[in-house]
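**Q**
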Amino acid sequence: MRITQGCFSFLPDLSDAQITAQVEYILGRDWAVSVEYSYDPHPRNSYWEMWGNPMFDLRDAKGAMMEFEECRKAHPEAYIRILAFDNTRGWETVMMSFIANRPSTEPKIHLQRTDFQGRAQKYAWDVRT
């Protein structure tokens, strides 16, 4: 079972050429690019580590790909995602997010649901390797 977060998460891993094409799509809409990484990809962990600052003034996909490659070299066994921000309304709105790098072996998250009286449900999870 793969971690499925963001766009393209149910597809096979994107190649570097496909990642570059997505970054070009982001820049073509005047969105800012950001690179983040995490070793804890649980869906409730929405605060990943930023790799550098968001690239608000970037116009060439090569700059974002250089930052992505540096992050991948520094954290080869981390999840790395690329985000697109639209700041036309005066605040940064995440328009797109996708995982661009995965560790060689992914942890398995097991979700256990328990039903209680009155249709109440409780959930517990654990990580299995």
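Here the numbering used here is used: the first residue of the sequence shown is 22, the next is one more, and so on. For each residue, glycine too, the CB sits at the ideal point set by N, CA and C. A quick note: this is a predicted structure, and the numbers were derived from the prediction, not measured.
Quick one: Cα of Lys-83 to Cα of Lys-129, how far?
**A** Here residue 83 refers to the residue found at position 62 of the sequence shown. Here residue 129 refers to the residue found at position 108 of the sequence shown. Using only the alpha carbons, I get a separation of about 34 angstroms.
**Q** What first and last residue would you give for the beta strand (DSSP E) that runs through Met-76?
**A** As a working note, residue 76 is residue 55 in the sequence shown. Careful: Met-76 lies outside any beta strand (DSSP E) and carries neither H nor E.
**Q** At what residues does the alpha helix (DSSP H) containing Ala-95 begin and finish?
**A** Numbered from 1 along the sequence shown, position 74 holds the residue referred to as residue 95. Note, Ala-95: alpha helix (DSSP H), 82–95.
**Q** Determine the DSSP secondary structure at Gly-27, reduced to helix, strand or coil.
**A** Numbered from 1 along the sequence shown, position 6 holds the residue referred to as residue 27. DSSP places Gly-27 in strand when its eight states are reduced to three.
**Q** Phe-119 and Gln-43 look like a contact to me (Cβ under 8 angstroms); what is the Cβ gap, rounded to whole Å?
**A** Locating residue 119 in the sequence shown gives position 98, counting from the first residue. Locating residue 43 in the sequence shown gives position 22, counting from the first residue. Between Gln-43 and Phe-119 the Cβ distance is about 7 angstroms, and since that is below 8 angstroms, they are a contact.
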